Amino acid sequence: MPAKHVIETRELTKRFGTFTAVDHLTFSVSRGEIFGFLGANGAGKTTAMRMLTGLSRPTSGQGSVAGFDIHREAEQIKRRIGYMSQKFSLYEDLTVRENIQFYAGIYGLSWRAVRQRTRALIDELQMQDVARSLVGSLPLGWKQKLAFSTAIIHEPDIVFLDEPTGGVDPITRRQFWELIYAAAERGVTVFVTTHYMDEAEYCDRISMMVDGQIRAMGPPHDLKTQFDQDNMNGVFLKLARESERS
Amino acid sequence: MRSLFHIIQKEVWHILRDRRTLLILFGMPIMQILLFGFAITNEIKEADVAILDRAHDEHSHALTERLIASEYFIFAANIRSEQELENLFQQGDIKLGIIFPKDWFASAGLQIIADATDPNTATTLVNYTQAIVADYLRDQQTVTQVPPRQIHTELRMLYNQELASVFMFVPGVMTIILMLVSAMMTSIALTREKELGTMEVLLVSPLRPVFIILGKVAPYVILSMINTALILLLSVWVFAMPIRGSLLLLFGESLLFVLTALALGIFISTRTDSQQVAMLFSLMVLMLPTILLSGFIFPIESMPLPLQMISNIIPAKWFIIIIKDVMLKGVGMAYIWEETLIMAGMFLIFTLLSIRNFNIRLSS
Chain L
1 MPAKHVIETR
11 ELTKRFGTFT
21 AVDHLTFSVS
31 RGEIFGFLGA
41 NGAGKTTAMR
51 MLTGLSRPTS
61 GQGSVAGFDI
71 HREAEQIKRR
81 IGYMSQKFSL
91 YEDLTVRENI
101 QFYAGIYGLS
111 WRAVRQRTRA
121 LIDELQMQDV
131 ARSLVGSLPL
141 GWKQKLAFST
151 AIIHEPDIVF
161 LDEPTGGVDP
171 ITRRQFWELI
181 YAAAERGVTV
191 FVTTHYMDEA
201 EYCDRISMMV
211 DGQIRAMGPP
221 HDLKTQFDQD
231 NMNGVFLKLA
241 RESERS
Chain Z
1 MRSLFHIIQK
11 EVWHILRDRR
21 TLLILFGMPI
31 MQILLFGFAI
41 TNEIKEADVA
51 ILDRAHDEHS
61 HALTERLIAS
71 EYFIFAANIR
81 SEQELENLFQ
91 QGDIKLGIIF
101 PKDWFASAGL
111 QIIADATDPN
121 TATTLVNYTQ
131 AIVADYLRDQ
141 QTVTQVPPRQ
151 IHTELRMLYN
161 QELASVFMFV
171 PGVMTIILML
181 VSAMMTSIAL
191 TREKELGTME
201 VLLVSPLRPV
211 FIILGKVAPY
221 VILSMINTAL
231 ILLLSVWVFA
241 MPIRGSLLLL
251 FGESLLFVLT
261 ALALGIFIST
271 RTDSQQVAML
281 FSLMVLMLPT
291 ILLSGFIFPI
301 ESMPLPLQMI
311 SNIIPAKWFI
321 IIIKDVMLKG
331 VGMAYIWEET
341 LIMAGMFLIF
351 TLLSIRNFNI
361 RLSS
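Chains as they are written, first to last, in the working numbering: chain L, 1 to 246; chain Z, 1 to 364.
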């Protein structure tokens, strides 16, 4: 496998009984790319992501993440990826500092590194004043920012974002994407699932999943041309109409 | 190992921040021990009794005197008819009625009527009365004639001479508290992570799943052991309950019970994703049998056979036997190794089941 591909899958499949959630998925993502994983609810996005992050075992097919095999080298993969779930995955009854410290700590950093990164991140986020406040008391946008920052505090090669902007207003969403761009510029590969089609426009490249299969893949501009639509929503609707599941 | 520390530290933060739960965790054992020790007792004192005396002889008067003079009864009314007696029972004014027939002493016939809406109280009161009557008759016999042979029964209540009911409640309360802290609190703490979605983040991290669980339950082991010490201190200082056996053995056995309960709590959390289900499950499937079937309140010997068999699979039953043996009888490991082995077996089974469930979840 070429080294510039940080994620690569071949015929990756996941079946639950007779139901095929992810159907022979083949794609690759390059280093530093923002890769959008789009699809309706139930299209198989989350299942595909769970296989890549080691939360779920593939039924068949191959895959590698950060150069490691997803079947045999899950432990090495885990050290090199970050993950943010749609629920923000922060502890609301802990303070900002405690949350950062905890997430830095579980990646096996030394005591000194944990302290340093915690301080650095609080400064970077300009959260000095709220460092001792409970996360539950922060506004949504701040929580989201904090959740993303803790997901990449161990400087992973790839960060997986599972519908990170669910239930967030458009302005906050926009601010969040600036964080994603900043991370991508530092060389972090971003793998993001979403069902907001306006967000799809922000990605370098996207794939459209329907019924567990990738039906279209490419830069947003190319897809719009290919399907003869003004925006991604049009592309999505055109593809979604073919769906047998919904 | 460093990451294990971070998990423990985080769980301690959670626990310390939740003041209300903390207050319940430490307030409850204190309250329960004091409540069971002072307020709830199996002895009955000063029950109201009505007398229907048709004999009106010296014996009936003397016996009535003697009944009233005991601390168990209070004289409520002298009545004339059975109808009156029935009315008093219905109004709930009396717990016991005694009828002396006309020539009761000669024919040695005496009727005792008890309000059996509460069977335990009724039985106890009837026993008291019979004892007093028997006592009286014996005295009369020695006055009038020398009996051919008299049997003196000498009673000794082993291990608990005053028959203090707190001696029975302390092991029970300890069991319930440890079960609650260990099984319920951990199953809630674990399902909370799932509900919040943070469990996924932990599983994606390089943390080994076994560390996640170990780190999360470790603080509850410490809490449980503090509670054990607290309950023991209270029962020794306030109720003068003896600890005749080895204190180390007692704590060791408590630790084993705590670990068994923890394994149960972990098992529950592998079966459910929501805190509420975990809590209900802990209450219904763990707490109720622990209270009802462990022999804490109702003696296992008097249960119907199916329930007796079920009681065998309740860890609390074996733990209560162990605590009583160690505290009151002062026995060593040689006498309780079977119970210990059963608990250890249960711990092993629940741990294996949890690991299996956890792996099944991960592979789906």
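All residues carry an ideal CB built from backbone N, CA and C; glycine is no exception.
No experiment lies behind these values; they were computed from the predicted model shown.
Asked	Found
Does the distance from the C-beta atom of Met343(Z) to that of Pro315(Z) stay below 7 Å?	yes
If you compare alpha carbons, which of His14(Z), Ile30(Z), Glu58(Z) and Lys102(Z) is closest to Leu52(Z)?	Lys102(Z)
Distance cutoff 7 Å, beta carbons only. Does Thr206(Z) sit that close to anything in chain L?	The sequence given here places Pro at residue 206(Z); Thr does not occur at that position. Closer than 7 Å: yes.
Check the Cβ of Asp93(L) against every Cβ in chain Z and list those closer than 9 Å, keeping chain order.	Trp13, His14, Arg17 and Asp18
Taking its Cβ as the centre, do 16 or more other Cβ atoms sit within 10 Å of Gly27(Z), making it buried, or is it exposed?	exposed
Considering Cα atoms alone, identify which of Ala62(Z), Ser269(Z) and Lys194(Z) is closest to Leu90(L).	Lys194(Z)
In chain Z, what lies closer than 8 Å to Ile106(L) by C-beta?	Ser3, His6, Ile7, Leu202, Ser205, Pro206 and Leu207
Applying a beta-carbon distance threshold of less than 7 Å, which residues of chain L neighbour Gly295(Z)?	By Cβ distance, chain L contributes nothing, its closest Cβ being about 39 Å from Gly295(Z), past 7 Å.
Distance check for Ile153(L) and Ala131(L), CA to CA, integer angstroms please.	16 Å
Helix, strand or coil for Ala229(Z), going by three-state DSSP, please let me know.	helix
Taking just the CA atoms, how far does Met208(L) sit from Pro2(L)?	Reliability of the predicted coordinates at Pro2(L) is poor, the pLDDT of 46 falling under 50, and no value is obtained from them.
Is Thr53(L) closer than 7 Å to Lys14(L) when the C-beta atoms are compared?	no
Between Glu92(L) and the rest of its own chain, which residues show a CB-CB distance below 8 Å, the 5 nearest in sequence each way excluded?	Leu134, Val135 and Gly136
Between Val159(L) and Val190(L), how many whole angstroms is the CB-CB distance? I'm expecting something under 8 Å.	6 Å
Judging by CA-CA distance, which residue of Arg173(L), Pro156(L) and Asp157(L) is the nearest neighbour of Pro164(L)?	Arg173(L)
Identify which residue in Leu63(Z), Leu352(Z) and Met168(Z) has its Cα closest to the Cα of Val326(Z).	Met168(Z)
Under a Cβ-count criterion, where at least 16 other Cβ atoms within 10 Å of its own Cβ denotes burial, should Lys4(L) be classed as buried or exposed?	exposed
Compute the Euclidean distance between the alpha carbons of Leu196(Z) and Asn41(L), then round it to the nearest angstrom.	20 Å
Decide if Ile313(Z) is buried, meaning its Cβ has at least 16 other Cβ atoms within 10 Å, or exposed.	exposed
Against chain Z, with Cβ distances strictly below 7 Å, would Thr193(L) count as a contact?	no
Pull up the DSSP beta-bridge partners for Thr9(L), would you.	Phe27(L) and Gly63(L)
Should Gly215(Z) be flagged as near chain C, meaning a C-beta pair shorter than 7 Å?	Chain labels in this structure do not include chain C; the protein chains are L and Z.
Using alpha carbons as the reference points, say which of Met199(Z), Leu180(Z) and Thr191(Z) lies closest to Val221(Z).	Leu180(Z)
Return the CA-CA distance between Phe289(Z) and Ala263(Z), expressed in angstroms with no decimal places.	Note on residue identity: the sequence assigns Pro, not Phe, to residue 289(Z). Near 17 Å, if we compare the C-alpha coordinates of Ala263(Z) and Pro289(Z).
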